[in-house]
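Before any comments, here is the structure.
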Amino acid sequence: MNKLNNSQGLNIPENYLVTPAYVFFLIHSMQVGVGILGFEKYLVEKAGFDAWISILIAGGILHVILWMIYRLLQNGGGDIVEIHKSIFGKYLGGFLSLLFCAYFTLLAFTVLITFIEVIKVWVFPGMHVWVFAFVLLFLVYYLVSGGFRVITGICLISVIIGLPILLLKYFPVEAGHTMNIYPAVSHSIPGILGATKQSILSFLGLEFLLIYYPFIKNPQKSKKWAHYGVFYTTMIYLISVLVTFVYYSEEQLKQVVWGTISAWKIVEFPFIERFEFVGIAMWLYVVLPNICLGLWGATRIPKRVFNVKQKYMVIIFCIAIYFPTVLIDGRPMIDVVNNLSGQLGMYVLMYIPVLLVLKTISDKVRKRT
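Per the numbering used here, the sequence shown starts with residue 1404, numbered consecutively.
Shown next, in the form of structure tokens:
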């Protein structure tokens, strides 16, 4: 059986690998999820309608972080577990890797409870959460158990399905007022930087490259596709925020929780009365990769650290997030979870440059000895 080259430190069967071009879909599908349906409100609170500038700054920062991730992985042995082990040793490195496991689980859990809230608010107010959560997690278990290539296929489908929904931005633009975005650059630099931080939290997901990098065939060739993915995500968020600014006034947007879904209400087709129902149903395919890749990454780490079968870990993790999903109710509790995952995500992104410096120092020390 063909194996991944030994320079990556891990031997992955050839039939488990994906081609470099699929990294575009893996990066983009993880960065775009349920958050894009209502992220504009939080940006406006920081920088008003100048928040579109923050999107561009955040995109540039993420390109730099992505470059750092590739530098780490190309010289680090294959994935975050091996990098931690080489720098901190078996036990401390394993502990730090398990923190990443908890973070990945939290991201999947956050997406799950937030999307369930969207369904309860907009489609089925009387829905029993335990039923929908069980069905969705059963589907997630089935997909994750299929392996990384199955999840990659789901990511590809999510990008394809999400593309037609983007074309619906035409309706809010037609009904909006382009003068809303003027005057440009009227807010302070601290306000714009505050919105930049909030934008980066909306872009979380590229850090999963730290765990699925060994599953990329000729991974060094995937770098350009990863950067294309981040750029495409940046453009999607930029278009979304500009369309929302054209459609809403600044004061209106501060009162709207789900700006994109509310804008869908004006979409009219002769054969569809309430398009937001269709949009939310289609968005399930966009959200699904967030949960699947999140749980795959979370369960991959214990497999690497403890050498346990991943399929058993998938069952345990699905059960572990099922019960909190049923118990959490109401927007305040969901906001707490979203804020927690956002803050931890920021710490993870800040940790990557530190890890790169430590890895560089560690390699130089080893060469001298």
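Where a beta carbon is used, it is the ideal one built from N, C-alpha and C, also for glycine.
State the beta-bridge partners of F1672 as determined by DSSP. On the sequence shown, residue 1672 is found 269 positions in, with the first residue counted as 1. Its beta-bridge partners are I1675.
Determine the burial state of K1712: buried for a count of at least 16 other Cβ atoms within 10 Å of its Cβ, exposed for fewer. As a working mapping, residue 1712 is identified with position 309 in the sequence shown. Burial call: exposed.
Using C-beta distances below 7 Å, list every residue in its chain close to T1581, excluding the 5 sequence neighbours before and after it, in chain order. Taking the sequence shown and counting its residues from 1, the one referred to as residue 1581 is at position 178. Hits under 7 Å: V1649.
Chain-order list of residues whose beta-carbon lies under 6 Å from that of N1405 (same chain, five-residue window excluded): Sequence index remark: in the sequence shown, residue 1405 carries index 2 (1-based). Because the pLDDT at N1405 is just 40, under 50, the model does not fix this residue reliably, and the value given afterwards should be weighed accordingly. Cβ contact annotation for N1405 (same chain, cutoff 6 Å, sequence separation greater than five): E1417, in chain order.
Measuring alpha carbon to alpha carbon, tell me which residue in K1770, D1766, R1771 and T1772 is nearest F1491. Reading the sequence shown from its first residue, position 88 is the one you call residue 1491. Nearest option by C-alpha distance: D1766.
Please determine whether the Cβ atom of L1542 lies at a distance below 7 Å from any heavy atom of the ligand FAD. Among the ligands in the structure shown, none appear at all, so the ligand FAD cannot be discussed.
If you check the beta carbons only, do G1436 and N1693 fall under 8 Å apart? Counted from its first residue, the sequence shown places residue 1436 at position 33. Counted from its first residue, the sequence shown places residue 1693 at position 290. In this structure, G1436 sits near N1693, with a CB-CB distance shorter than 8 Å.
Is V1421 helix, strand or coil by DSSP? Counted from its first residue, the sequence shown places residue 1421 at position 18. In this structure, V1421 counts as strand in the three-state DSSP scheme.
Just reading off the alpha helix (DSSP H) that L1609 is part of, what are its end residues? Here residue 1609 refers to the residue found at position 206 when the sequence shown is read from its first residue. Segment: none, L1609 is in no alpha helix (DSSP H) and carries neither H nor E.
Helix, strand or coil for I1639 per DSSP? Locating residue 1639 in the sequence shown gives position 236, where the first residue counts as 1. Looking at I1639 - three-state DSSP - the assignment turns out to be helix.
Could you compute how far the alpha carbon of L1691 sits from the alpha carbon of T1772? Locating residue 1691 in the sequence shown gives position 288, counting from the first residue. Locating residue 1772 in the sequence shown gives position 369, counting from the first residue. Looking at the two C-alpha atoms, the distance is approximately 48 Å.
Quick check on T1636: buried or exposed, where buried means 16 or more other Cβ atoms within 10 Å of its Cβ? Here residue 1636 refers to the residue found at position 233 when the sequence shown is read from its first residue. Buried: at least 16 other Cβ atoms inside 10 Å.
Reference Q1655, options I1415, F1427 and F1452, closest by Cα: Within the sequence shown, residue 1655 is the residue found at index 252, counting from 1. The candidate whose alpha carbon is nearest that of Q1655 is F1452.
Is it right to say T1763 is buried, meaning 16 or more other beta carbons lie within 10 angstroms of its own, or is it exposed? For the purposes of this step, residue 1763 is taken as residue 360 along the sequence shown, with counting starting at 1. When all chains shown are included, T1763 counts as exposed.
May I ask you to list the residues that DSSP assigns as paired with I1619? By 1-based counting over the sequence shown, the position of residue 1619 is 216. Answer by DSSP bridge pairing, in chain order: V1421.
Determine the direct distance from the alpha carbon of S1500 to that of V1484, and round the result to whole angstroms. As a first step, residue 1484 is located in the sequence shown; it is residue number 81 there, counting from the start. As a first step, residue 1500 is located in the sequence shown; it is residue number 97 there, counting from the start. Using only the alpha carbons, I get a separation of about 6 Å.
Output the distance between the C-alpha atoms of I1568 and E1448, rounded to the nearest integer angstrom. In the sequence shown, counting from the first residue as 1, residue 1568 sits at position 165. In the sequence shown, counting from the first residue as 1, residue 1448 sits at position 45. Their backbone Cα atoms lie some 26 Å apart in a straight line.
Please work out which residues of its chain come closer than 6 Å, Cβ to Cβ, to L1510, disregarding the five sequence neighbours upstream and downstream, and give them in chain order. Within the sequence shown, the letter at position 107 stands for residue 1510. G1697 and S1744.
Any idea if V1514 is buried or exposed, counting beta-carbon neighbours within 10 angstroms, 16 or more meaning buried? For the purposes of this step, residue 1514 is taken as residue 111 along the sequence shown, with counting starting at 1. So V1514 ends up on the buried side.
I think V1729 touches Y1544, with their Cβ atoms under 8 Å apart; what is that distance to the nearest whole Å? Reading the sequence shown from its first residue, position 326 is the one you call residue 1729. Reading the sequence shown from its first residue, position 141 is the one you call residue 1544. About 16 Å; that fails the 8 Å criterion.
First and last residue of the alpha helix (DSSP H) that includes F1428? Translated into positions along the sequence shown, residue 1428 becomes position 25. First-last of the alpha helix (DSSP H) with F1428: V1426 to Q1434.
Element boundaries [alpha helix (DSSP H), containing W1533]: One-based indexing of the sequence shown puts residue 1533 at position 130. Looking at the DSSP string, the run of the alpha helix (DSSP H) that includes W1533 is V1532 to S1548.
Less than 6 Å between C-beta atoms, sequence neighbours within five positions excluded: which residues of the same chain meet that for Q1411? Looking up residue 1411 in the sequence shown gives position 8. Residue confidence is low: Q1411 scores 48 on pLDDT, short of 50, so the model does not pin down where it sits. Its coordinate-derived value is still stated next. Within the same chain, Q1411 has close Cβ partners G1481 and P1617.
To the nearest angstrom, how far is it from the Cα of I1430 to the Cα of M1638? On the sequence shown, position 27 is the one that residue 1430 refers to. On the sequence shown, position 235 is the one that residue 1638 refers to. Between I1430 and M1638, the C-alpha separation is close to 14 Å.
Going by DSSP in three states, K1712 sits in which element: helix, strand or coil? Here residue 1712 is taken as the residue at index 309 of the sequence shown, counted from 1. If DSSP states are grouped into helix, strand and coil, K1712 belongs with coil.
Could you check where the alpha helix (DSSP H) with V1526 kicks off and where it finishes? For the purposes of this step, residue 1526 is taken as residue 123 along the sequence shown, with counting starting at 1. Neither: V1526 is in no alpha helix (DSSP H) and is coded neither H nor E.
For the candidate residues A1629, V1524 and L1747, whose alpha-carbon lies nearest to that of W1661? Counting from 1 along the sequence shown, the entry for residue 1661 is found at position 258. Of A1629, V1524 and L1747, the residue nearest in Cα terms is V1524.
Check whether the Cβ atoms of S1457 and T1663 sit closer than 8 Å, and answer yes or no. In the sequence shown, residue 1457 corresponds to position 54, counting from 1. In the sequence shown, residue 1663 corresponds to position 260, counting from 1. No Cβ-Cβ contact shorter than 8 Å links S1457 with T1663.
What are the complete alpha helix (DSSP H) segments, minimum 4 residues, inside the segment 1741-1770? Those alpha helix (DSSP H) runs which fall completely within the segment 1741-1770 and span 4+ residues do not exist here.
Could you pull out every residue in the same chain whose Cβ sits closer than 8 Å to the Cβ of L1759, ignoring the five residues on either side in sequence? Translated into positions along the sequence shown, residue 1759 becomes position 356. Closer than 8 Å at Cβ, skipping near neighbours: M1471, R1474 and L1475.
Please list the segments of the beta strand (DSSP E) lying wholly inside the segment 1447-1512, counting only runs of 3 or more residues, in order along the chain. none
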